[in-house]
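Peer 1: Be aware that the sequence shown starts at 2, since it is given in my numbering, and climbs by one per residue.
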Amino acid sequence: MIKGFGILEMLVALSLGLGILTVIIAHSTESGKAARKITGNQERLEAIFHTVDTIKSDLNKCGMRLQEARKFFNISCFSSSAGTFKCEYGLADELLLESALCGQQTLKVEQNDYFKKDKVILIYNLGAGVWELNEISDCLGGALVLKNALKNDFGRNSPVVLLKKVEYKYYPTKRILKRKADKGNFQPLLEEVSDFYVTFFPDANSVLYRIEVNKKEQVRGYIFLLNLV
2 MIKGFGILEM
12 LVALSLGLGI
22 LTVIIAHSTE
32 SGKAARKITG
42 NQERLEAIFH
52 TVDTIKSDLN
62 KCGMRLQEAR
72 KFFNISCFSS
82 SAGTFKCEYG
92 LADELLLESA
102 LCGQQTLKVE
112 QNDYFKKDKV
122 ILIYNLGAGV
132 WELNEISDCL
142 GGALVLKNAL
152 KNDFGRNSPV
162 VLLKKVEYKY
172 YPTKRILKRK
182 ADKGNFQPLL
192 EEVSDFYVTF
202 FPDANSVLYR
212 IEVNKKEQVR
222 GYIFLLNLV
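1) Is L67 buried or exposed, if buried means 16 or more other CB atoms sit within 10 Å of its CB?
2) Where are the alpha helix (DSSP H) runs, 4 residues long or more, that stay fully inside the region 112 to 188, in chain order?
3) Measuring CB atoms only, is the region 133 to 142 touching the region 54 to 63, in the sense that at least three cross pairs come out at less than 8 Å?
4) Please state whether DSSP places R221 in a helix, a strand or coil.
5) Looking only at its own chain, which residues have a Cβ that is under 6 Å from the Cβ of K216, when we skip the five neighbours before and after it?
6) When the Cα of S81 is compared with those of N206, E213, V220 and L227, which residue comes out closest?
7) Within 8 Å, do at least three Cβ pairs link the region 161 to 178 to the region 121 to 137?
8) Could you tell me whether the region 68 to 76 touches the region 102 to 114, where touching means 3 or more Cβ pairs closer than 8 Å?
9) Note down the Cα distance separating R211 from L123, rounded to an integer number of angstroms.
10) Quick one: residues in its chain with C-beta nearer than 7 Å to the C-beta of E95, no 5 flanking neighbours on either side, listed in chain order?
11) Please classify Y171: is it buried, with 16 or more other beta-carbons within 10 angstroms of its beta-carbon, or exposed?
12) Just tell me which of R157, K118, E168 and L145 has its CA closest to the CA of C88.
13) Taking 9 Å as the threshold (C-beta atoms), are I56 and G222 in contact?
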């Protein structure tokens, strides 16, 4: 039973730019709580807000630098299932300085610090109606050495987009929400999670998510994926 609200038990309604976040924190209180209990609640609250900020940042970037390509090609930037979701966006982009032909394994672009070994790239040409994914195996100045030979011809000024993919996964038995970026390993983001779900509304290009911590704190967020409009 909810007996009341303390300093840390509050209703927080925040307008977060492109998304709307509602944080509801409510649980039973007892008089004479020890200082360590208060400190623990503060740390948990900070962890919750850090998680919310991270999710919001990733979702607001979802589809970034991919708007043009998505209009012409079947490129998916968001997917979700029970207890998990993935989103993808462009971290940087450059134009081809020279044409690249089918079978070629190098691309000539302006030097960009974001273009690094093992990163995944998207290259496309609207005029020719072609696109493909590839991976950087080495960087030699502005020349990108590709892991795989090109399957199509790409003319000069074809866009090359460096992709970033993030994935969130809930582990119910361990009560942990984890996050993974690109090819890295899943890293703990929030502990003591008793429930987590995500719902995608494709018609509205929006995402509703809910996090429950210790069956007490509940976090609900509603984010518009404006880059997918």
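We put the beta carbon where it would ideally sit given N, CA and C, even for glycine.
Peer 2: Let's see:
1) buried
2) none
3) no
4) strand
5) S195
6) N206
7) yes
8) no
9) 32 Å
10) V110, E111, N113 and V161
11) buried
12) E168
13) yes
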